[in-house]
Structure formats: C-alpha cells, structure tokens
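Only one structure is covered here, and it is reproduced in the block below.
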C-alpha cells in the first residue's frame, strides 16, 4: 500500500500505524501546533483542516487522510511569513491567555471565514455559540476570543518610558498564533521511552504481590517498576517553599493504595501502545481493606484509618482520627456575642470537587544532557509545572542527588490554576530515567487528570452569625470540614487559608473557628484557584445576605457597616498575621461600583416572560501572596547588541507575568518591550524562585525584576558617566542610547566600554524579593439573573465585577484574568462537579461527562478597576489572578435567593436542583 499526505505544503509518505489518529501522526512529524487536550473530540485543541474542512484530528483516522491536503496552524500564514488575517486578529485582540486552545479556535475561525459568501456559509460566524460548540477555553472567559473574531484590537504599541499601565501584547503572542510556542511535549527527544501507569481498582488495599513477568514479555517493554524499586522516603506531592507545611504521607510507589486510581506500577516501553499493553498484563494480588469516603464519618471512632502506622515524622495531626491538620481559635467569647445579638442566623453550606481542567495535562520528560564542564551527564526534567525550583529540590531530596546534577525546566505551560503546584509525574519519571539512563516521558490522559491528579477541596461549612438590630455584627462562628482525600498535599494549608481573610474582612468582637482537614479514600484534593477562600466566602457572604434580609436592610449597607477599613488590623480567631497589611484600600470603591450598577440596571427587562428575576452581590478579600515567605531572584543584563535580557524563575501559563516583567523593566530602563528578551522557568537561569502560585508572579517575582532593572539603570548611568567624563546626573538613559549632556552613547557602545574599562559587573544587576510584607486585594461581584420556574434554567442577564488591583500594570491582561476567574467560578457554581461513587471512584472522567463552561455559557462581564496604588507592590500593583474567583458563587447564590426566595446552600446550583426546590415549594415541601 502506498500512502501520501500533504501537510502545509510538504508531502509525507510514511504509512500510519494501524488505528493511528491524525493528531499523533502530525505531531510525530513535528507539527506541534496540533495539541492534545482530550483525545475524545471534546475540546477542539487538535483542530486542523482536511481539504479545507475543520476536523478534530484526535478522532480523524490518519489512514483516512491519505491523498488529502492537511493544514495545521503552522500552515495558515503565507509562505513569506505574513500572518493569516485570523492570526492577525487574534494577535491584536490577544484572544488567548495560556494559548494551548488557541490553534483550535484559529483553525475553526479560519475555516468559517473561508466559507463566507459561499454556498457553504451557514451563518456560524454570526452565531459564535454554535460556531464554537466544539472548542473549549479554560483561561479567557471567551470575551477576548469573541473580540478577536470580530476584529476588535486591544493591544497597544510599545512606547519608550511608558510601558506600565499600557495594554502591551504578550511577548509569546506571535508564537502562539503561529503554533510555534513550545509547550512541555513540543520537543523531539531521540530514543524516547514512554511510561504508562497501572492504577488501583480498589479504594483501600494492601499490595501482597505483583507479577510482572507477562508484562516484561510484551514486545517493546523495557522495564516495570513497583514499590520494591521505589525509595521508602515519605514526602508530599505539594510544592511549598517550606515543605513542613504539608504532611509527608506519600511514596513514589506504595504497597498500600488509598484510592481508586492510585498508581501501583509503572511500565516503560518504546511506545505508548506497548506500555499500555504491559499494564494490562501485570497481575496484582491485593488484600482489600475497609474504606471511608465521608470526612465526618472518617473522624468518628472506629472508622478505617487511611494512614495507619505513620508516625510523627509524617506531620499528620491525628493519624488515628484521619485528621491531616486542624485549627481552633476564639477571640472574645462567641457565647457572649450571640447573647448580645438581636438576630442569630445559622446555616450549613457544602461545596463540591472541581477539576482544574487545564487543557495541557500533567506530564514531563526526563533525559540526560552533557554537563557544560564535560565531566559527565546531568538529569534534565522538562515538566508542565508551576514550580521548577521546588520540584528540583524535592527530586534531589528524594533520590539523594546534588542540585547541580538536576535541571528542571518548564516550557510554556498550558494552564495551571494551582493544579501544577504539585509533583505528580516528575518523581516516578525520574525513578525510571535514573534506573534506565534513557529519556522517559509520561503524559497524563484526560481521564487520568480526573482520577489521578488533584481536585479542589470539597468543604462543609457551618456558619453561625449574630447581629444587632442596627446591623452591627456581634459574633461570627464557623465549623469547617475539608475533605483532603487520600493524601494531605495542600490539605492543612488550604484549611488554614480558608478561615483567614474570609473571617478577617468583617469586624466582629467575638469570633470562633474549628477547622479540620480530613483524610478519606478518594482522589486527593490540592491547590486550586482561591486556595480555600472561595468555599468559605460562599458560606459567609450567603449568611451576610440572609442577615440583611432578616433585618430588612440593604445587603450592601450591612456589608459597609461591618467591613474592615483602611489601616485596621485584620484579626481572625486563629491569630493575626504580622506581615499582612492593608497597604491600599479599594473595597469601598468596589461596593460603590456595585451600587451604581444596581441603580442603573435595566437588564431585568430582558428576562423572558414568566421568568423570575433577582440580583445579588458577593465580596472577598485575599492576601497578595502566601505567608511564610515566597522568594524570587531576578537578573537584568545589557547584551552586546544594546538590548536587554531578563532572567527570572517564574513560569508563564497565561497569567501574564512575562508581559508584566518586561513592562516593569522597560519602564525602569526607559526603553520598549521589544528590546527586551526574557529567560524564565528554568533552574539554570537564576538562583531560586519559589514558583508561580499564590498570585505571586507580579507582586513577588515582578518586584525582584523591578529591583534588578532599577539597579541596572543606576549602574549604566554611572558607567556612561565614567566613559564620557560627564557628570552622572546629566546622563539620561534612553531606548537605544544614553544622552550624556548632548553626547549620545549607544547601548552597544556602552556595553563595549564596560568591557574596555573592566567594568563588566556594571552591565548586569540582580534583584531579590522575599514576599514579605504582604498587602491585600479586594473584589466584588454582582449579577442580575433570570430563572425559568418550569425548568430551573438560570440565565445571567448582567455580570459586573469590581477589582482592587492597585496600579494596573496591563489593563488588557488584568481584565482577562478577571474574566477568566469569573468564568471558571461560574462553572464551579452552576454545573461543574467531579462525581464519585460509594467506593470513591470518579465517574466523570471526561469533559463530556464533566461539563466545562462553553462559549454559550459565559456572559460578558463588565470589569471595573478601582483607583488605588499599593505601598508594597511593585509600582503600586497588587495580585489579581486568584481573587476574582472568590465572590462569584455567593453573588450568584444571593441573586438566586432574591429571584426564587429559596436559599441554596450546596454547590453547584444545577438547573435540576433549582427546579426541584421550586417544585417542592410549590407543593408545600421545604422552606
């Protein structure tokens, strides 16, 4: 059989393997713009054109493409490099964040554009919900994508000395729209081996024996690794600057499995097919143990002990009671506070598991490279991670390696949302690479993301609040139970954070909290956008709304009467964080935005006849960085050609830090962003960086970059003065030269002068920031909704978000972070849930069963930034990656309460739950 396929003007004659899909065929030939997001036709990231028609290449058989012409995103541009009009529009609108989904949207849009005015034009471009029903984006909230399709430009051109505060496009934009941005697996590694994992079918069991003989006989299988091959060392998969924040309760491969989906063995082979077959051939003998899935039941006497036998070295609060961590505290006396109250309201709220659903799944490649000094090889791990430096530290500790023997690097990361603040693949891949001395790759499937990665923590929150008749809070009490799953990665830390700012934002003389992070035999939870605050804020803000209703008071007035003000101490029942300050205050402005929106709103007129309408507000406060120190090193250098280079450790995954770092540097050096290169997320680049989490990309790493750039500006002016003999204060740094009292010294000449004068050290400068002191950011969300009483459908008529981001570094990007946070939170509020059965097994291990927000689900949110400038953040900036998520659920729930008269206390508020509650009320059941 002869085979011929034309791809982007090139002809390929290698026949595909039996059953091979077009996606893998194209990627194996270097067309890395074709992405793997689901391998089920759900996300559209793999979209290509076959004879001009858009298809999901993960479902399209490569054999079927024989004789056809295939265009990938790399082939959209003209042969001379001129961008396709659709690529240009996405670049001008910045219709992307992490960019992993962008090729799919580009290819879909380009195909529909080509149909314009032809007999095949069915009007899809005028109906984008229909056009994009096969494309998913987890980052943007879709508004930027719509603007790109409509040709709306948002990016501004670089301007020397005016970088900060401008909507400068992301530096990687041209690579994203042309499919040349390199994500984790977009590289060719000679001799690559593939790993697949055998996972437990039991929620709790002891491994008695593993027979690998049949697996090793599979052609292509190189090795099978079990707990007998793994170190006994206990560690946590969570990545924190201080590892003691998390229990050490995990092994690379364990002889006790604690949830359905835990890895039991790793098969390494020369193909994924052989590795999969090897997994199927392994025979495991288990002793099945009792299991528990409910955290309340897990804390009761006699419950199965998830981590039986672990001692104090694991740092588990109470092993026998399945308590990973706990917090208890009281300020004043809540008993007295409730006695002083005229109204006391008590309610219990529940939140569900949510998947991060970043389109790039977890995975890494480990391989060996020669050392620069020629003394041998060192291990390089290329990973989809938010924490390269902390991952290197953990790998070195686990395998007894010196840090200079290991390099960890992240390419562009296809979404994170906290899920990649974990070490879920690097540990086992490194085990195989060290054993075999060959390159090894492990890439999670979409199903594995659901049952083998982590989720948001499910919470049960009991809230009791007392208030006087004039609206003054007298007492606030909470009991919080967080289900951390089978392992405690992030469990105690999320629990502590959840009852921090959520408590401290309101003044009350009497506060009390009892909080527990509890082990169960289910998929582990982990870090997720908001880090516990979203769950507790849902409860607190719902109770505040209910108190206002019982008082007959405007909910905004009640909040304004009780929120902390500028300069006030933030006091919670588990203590005051000494390095946390209100370094700028915009909460009053946030609530004013909401008040104005309510006063001017006419959106209820758009509700269908017979639908119920209502409006609601939620607000939140969040620290602009994690406690205990978050460190970043940066270096800014002048290069031989007169341009600059930034070296910084933090990773880029659509959070926009790369753009902001270049803007901060351009402003300090009075140049333009296009004259600055950046090297990042590589342990070779700088000494240390804690990582891209806790909204630290701007306020920590950005601060280090600014300090380095400011120092370099001083050094270059000093060097110019020395070179010319002109007084230093008369030397002014410009975009491409230094004006020394009228004499222009080009930056290239200045670089050469530095070498000639023996002042090479003056051509670079370092910056360091330790993440303390910290400030706080504020957000408020408001919705007007309509509810169909016949079906329970919720339609958002208007969405308004007010954000106190301090000095906004890049309005376009910051707006995108807010919109993306609102969209992700709406998914978690309205329909997303990782379902488990009574054995703890995940039953929603695919996008089509899980239900991510699609284009048609997400409203356009009006984003308003307050006028504040923070005294701690770089140039007055505050963080804004996590915080927009937190007030969304309570705002929607409060609007739903206003529309229906029913208080919904469990998320998600799916249409069937809404309909059932309305139906029960109509029948006189419930309240």
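Numbering (the numbering used here), first residue to last: 47 to 973. C-beta atoms are modelled at their ideal positions from N, C-alpha and C, and glycine is treated no differently.
query	result
In angstroms, rounded to a whole number, what distance separates the CA positions of residue 400 and residue 898?	10 Å
Using the beta-carbon count (16 or more within 10 Å), is residue 205 buried or exposed?	exposed
Could you check whether residue 753 and residue 815 sit closer than 8 Å to each other, using their CB atoms as the reference points?	yes
Assign residue 199 to one of three DSSP states: helix, strand, or coil.	coil
Taking a contact to mean a Cβ-Cβ separation below 8 Å, would you say residue 229 touches residue 186 in this structure?	no
Secondary structure at residue 156, three-state DSSP: helix, strand or coil?	helix
Is residue 715 helix, strand or coil by DSSP?	helix
Taking all protein chains shown into account, do 16 or more other C-beta atoms lie within 10 angstroms of the C-beta of residue 55, making it buried, or fewer, making it exposed?	exposed
State the beta-bridge partners of residue 815 as determined by DSSP.	678
Just to confirm my understanding: we take residue 1012, look at its own chain, exclude 5 residues before and 5 after, and list those with CB closer than 6 Å. What are they?	The chain is shown only over 47 to 973; residue 1012 falls outside these bounds and no answer can be derived.
Is residue 445 near residue 482, with beta carbons less than 8 Å apart?	no
Rounded to whole angstroms, what is the Cα-Cα separation between residue 359 and residue 566?	20 Å
In this structure, how does DSSP classify residue 558 when only helix, strand and coil are distinguished?	strand
Determine the extent of the alpha helix (DSSP H) in which residue 608 is found, giving its start and end residues.	601-608
Residue 505 bridges to which residues according to DSSP?	528
State buried or exposed for residue 713, treating a residue as buried only when at least 16 other CB atoms are found within 10 Å of its CB.	buried
Run through DSSP, which three-state label would residue 77 get?	coil
If you scan the region 221-300 from start to end, which runs of the alpha helix (DSSP H) of 4 or more residues do you find wholly inside it?	259-262
DSSP three-state label for residue 926, please.	coil
Whose C-alpha, out of 250, 376 and 634, is nearest the C-alpha of residue 887?	250
Kindly indicate which three-state DSSP category residue 107 falls into: helix, strand or coil?	strand
Does the distance from the C-beta atom of residue 541 to that of residue 371 stay below 8 Å?	yes
Would you say the region 908-925 touches the region 598-608, given that touching needs at least three Cβ pairs under 8 Å?	no
Grab the span of the beta strand (DSSP E) containing residue 824 for me, first residue to last.	822-833
List, from N- to C-terminal side, the beta strand (DSSP E) runs of 3 residues or more that fit wholly inside the region 470-518.	486-489 and 505-513
Can you tell me which residues form a DSSP beta bridge with residue 797?	Answer is none; residue 797 lacks a bridge partner.
Considering only the beta carbon of each residue, do residue 373 and residue 620 sit closer than 8 Å?	yes
Strictly by DSSP, which residues pair up with residue 409?	489
Touch check for the region 732-739 and the region 766-780: three-plus C-beta pairs under 8 Å?	no
Alpha carbons only, please: which of 617, 625, 841 and 501 is nearest the one belonging to residue 549?	617
When you compare only the Cα positions, how much space is there between residue 554 and residue 609?	9 Å
Using only CA atoms, which one of 131, 432, 471 and 943 lies nearest to residue 658?	943
Considering only the beta carbon of each residue, do residue 579 and residue 543 sit closer than 8 Å?	yes
Answer yes if the region 936-951 comes into contact with the region 825-839, meaning at least three C-beta pairs across the two stretches below 8 Å, and no otherwise.	yes
Less than 7 Å between the CB of residue 856 and some heavy atom of the ligand NAD, yes or no?	This structure simply doesn't include the ligand NAD, nor any ligand for that matter.
Of all the options 762, 798 and 661, which has the alpha carbon lying nearest to the alpha carbon of residue 687?	798
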